[in-house]
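Undergrad:
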Ligand code: 5GP
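Residue numbers (our numbering): 8 to 334.
#1: Residue 107: which of 304, 278, 276, 20 sits nearest, CA to CA?
#2: Is the beta carbon of residue 203 less than 8 Å from the beta carbon of residue 226?
#3: Determine the DSSP secondary structure at residue 320, reduced to helix, strand or coil.
#4: Is the beta carbon of residue 253 closer than 8 Å to that of residue 286?
#5: For residue 32, is the classification buried or exposed, using 16 other Cβ atoms within 10 angstroms of its Cβ as the cut-off for buried?
#6: Is it a yes or a no for the segment 115-127 touching the segment 71-83, going by three-plus beta-carbon pairs under 8 Å?
#7: Quick check: is any heavy atom of the ligand 5GP less than 7 Å from the C-beta of residue 266?
#8: Between the beta-carbon of residue 144 and the beta-carbon of residue 162, is there less than 8 Å?
#9: By Cβ distance, which residues of its chain are closer than 7 Å to residue 92, with the 5 residues on each side in sequence left out?
#10: Got a sec: is the Cβ-Cβ distance from residue 203 to anything in chain C below 8 Å?
#11: Is it the case that the CB of residue 23 approaches a heavy atom of the ligand 5GP more closely than 7 Å?
#12: Rounding to the nearest angstrom, what Cα-Cα distance links residue 23 and residue 113 in this structure?
#13: Answer with buried or exposed for residue 324, where buried requires no fewer than 16 other C-beta atoms within 10 angstroms of its C-beta.
#14: Give the range of the alpha helix (DSSP H) segment to which residue 256 is assigned.
#15: Using the Cα positions of residue 76 and residue 139, report the straight-line distance between them to the nearest angstrom.
#16: Measure the C-alpha to C-alpha separation of residue 87 and residue 239 and round it to an integer number of angstroms.
#17: Apart from the five residues on each side of it in sequence, which residues of its chain come closer than 6 Å, Cβ to Cβ, to residue 302?
#18: In the DSSP assignment, find the alpha helix (DSSP H) that holds residue 47 and state where it starts and stops.
#19: Bridge partners for residue 81 per DSSP, in chain order?
#20: Quick one: does the C-beta of residue 181 sit closer than 7 Å to a heavy atom of the ligand 5GP?
#21: Go to residue 194, then tell me how far its alpha helix (DSSP H) extends in each direction, as first and last residue.
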């Protein structure tokens with residue numbers, strides 16, 4: 008669709024290890040084996056699933072895909088190769104899928120690198136794209152409070168050092184972690200001039216206290232926000248907190264029954280700011296072009312929005328980036 012390709016777009020909800028192009032992951036598997044890395048049954052199984060196509064019965068199945076990917080991105084050269092391939096898939100296609108990307112990733116230490124080395128490797132690649140890419144540092148709900156604290160401080164240090172970091176994210180299995188402990192730590196990113204985005208109300212089991220506690224950290228954007236209770240919804244609407252929308256991801260993870268039932272329709276009905284994103288292009292086999300095509304295609308394949316509306320969504324999405332929002 009020429010119309011979609013020509014639209015200026017921003018991608019702000021893409022997870023590095025969830026967006027490695029399949030060909031790159033296969034190359035990483037060959038490098039791993041060549042360098043004497045063990046291809047455990049778990050890695051082989053994970054790779055086979057990603058090669059044949061992922062079918063999920065529920066969102067919790069999804070998190071089981073990552074150990075195999077992580078085994079293949081456990082050294083600085085592998086992380087560099089993966090980051091280059093991910094950014095090229097968004098920014099170096101002709102035309103590019105987006106004009107600007109905020110790529111998020113969770114710091115990880117392995118026997119071959121520290122978490123600092125991991126982030127520095129990712130940032131070196133991001134910075135080589137000269138202002139077209141920036142980092143959001145993710146902390147995972149499964150982390151200890153000490154680790155969340157340590158990584159948030161690391162994000163602040165990187166920002167002070169002038170690295171291309173714009174924000175902090177909370178991701179990971181939505182049913183884990185005590186958000187009472189995390190919220191004040193997450194809120195503190197604002198003092199360092201960083202922005203905050205949170206995966207929130209992603210499943211029906213995310214109860215109101217969990218969501219309200221996260222909202223107390225004053226997030227600047229929200230990921231998914233599928234199951235906001237009326238009280239939470241009132242805050243999100245009043246504060247006009249932009250919602251990162253991942254249509255394919257939500258349908259495949261079965262957190263929405265179908266595209267037609269997706270909460271984007273209600274958000275747009277209330278003129279609420281949204282931004283269209285891919286989430287994890289490796290398991291979901293989607294692209295930003297395809298996500299926009301879903302907006303445009305007539306039902307039942309898509310949501311049937313007019314071109315003028317889709318153009319407005321793309322333009323307003325550009326306005327939700329962490330480099331464009333004011334403090
Ligand atoms: P990484 O942070 O390692 O670059 O990207 C993969 C990680 O992102 C996964 O381990 C998972 O914690 C997180 N992630 C990816 N997609 C989603 C999602 O849809 N929901 C949540 N809550 N976390 C996700």
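The beta carbon of each residue, even a glycine, is placed where N, CA and C say it ideally should be.
TA: This is what the structure gives:
#1: Reading the chain shown from its first residue, position 100 is the one you call residue 107. Per the Cα distances, 20.
#2: Numbered from its first residue, the chain shown carries residue 203 at position 196. Numbered from its first residue, the chain shown carries residue 226 at position 219. Yes; because the gap between Cβ atoms is below 8 Å, this pair is in contact.
#3: Sequence index remark: in the chain shown, residue 320 carries index 313 (1-based). Three-state result, residue 320: helix.
#4: In the chain shown, the residue the question calls residue 286 occupies position 279. In the chain shown, the residue the question calls residue 253 occupies position 246. In contact: residue 286 and residue 253 (Cβ atoms closer than 8 Å).
#5: Stepping through the chain shown from its first residue, residue 32 is reached at position 25. Buried, since its Cβ has 16 or more Cβ neighbours within 10 Å.
#6: yes
#7: Taking the chain shown and counting its residues from 1, one reaches residue 266 at position 259. No; taking the cut-off as 7 Å, the Cβ of residue 266 has no heavy atom of the ligand 5GP nearer than that.
#8: Residue 144 sits at position 137 when you count from the first residue of the chain shown. Residue 162 sits at position 155 when you count from the first residue of the chain shown. In contact: residue 144 and residue 162 (Cβ atoms closer than 8 Å).
#9: Your numbering for residue 92 matches position 85 in the chain shown. So the list reads 27, 28, 31, once near-sequence residues are dropped.
#10: Protein chains in the displayed structure number just one, and chain C is not present.
#11: In the chain shown, residue 23 corresponds to position 16, counting from 1. Yes, since a heavy atom of the ligand 5GP falls inside the 7 Å radius drawn around the Cβ of residue 23.
#12: Taking the chain shown and counting its residues from 1, one reaches residue 23 at position 16. Taking the chain shown and counting its residues from 1, one reaches residue 113 at position 106. Answer to the nearest angstrom: the Cα atoms are 9 Å apart.
#13: Walking along the chain shown from the start, residue 324 turns up at place 317. It is buried - the Cβ of residue 324 has at least 16 other Cβ atoms within 10 Å.
#14: As a position in the chain shown, residue 256 is number 249, starting the count at 1. Per DSSP, residue 256 belongs to the alpha helix (DSSP H) from 254-259.
#15: Residue numbering aside, residue 76 sits at position 69 when the chain shown is read from its first letter. Residue numbering aside, residue 139 sits at position 132 when the chain shown is read from its first letter. Each residue's Cα considered, the two are about 26 Å apart.
#16: In the chain shown, residue 87 corresponds to position 80, counting from 1. In the chain shown, residue 239 corresponds to position 232, counting from 1. About 39 Å.
#17: Taking the first residue of the chain shown as 1, we reach residue 302 at position 295. Contacts found: 310, 312, 317.
#18: The residue you call residue 47 lines up with position 40 of the chain shown. Looking at the DSSP string, residue 47 is not in any alpha helix (DSSP H), and its letter there is neither H nor E.
#19: Locating residue 81 in the chain shown gives position 74, where the first residue counts as 1. Paired residues: none, contrary to the question.
#20: Translated into the one-based positions of the chain shown, residue 181 becomes position 174. Flag set: Cβ of residue 181 near the ligand 5GP.
#21: Here residue 194 is taken as the residue at index 187 of the chain shown, counted from 1. Start and end: 186-194.
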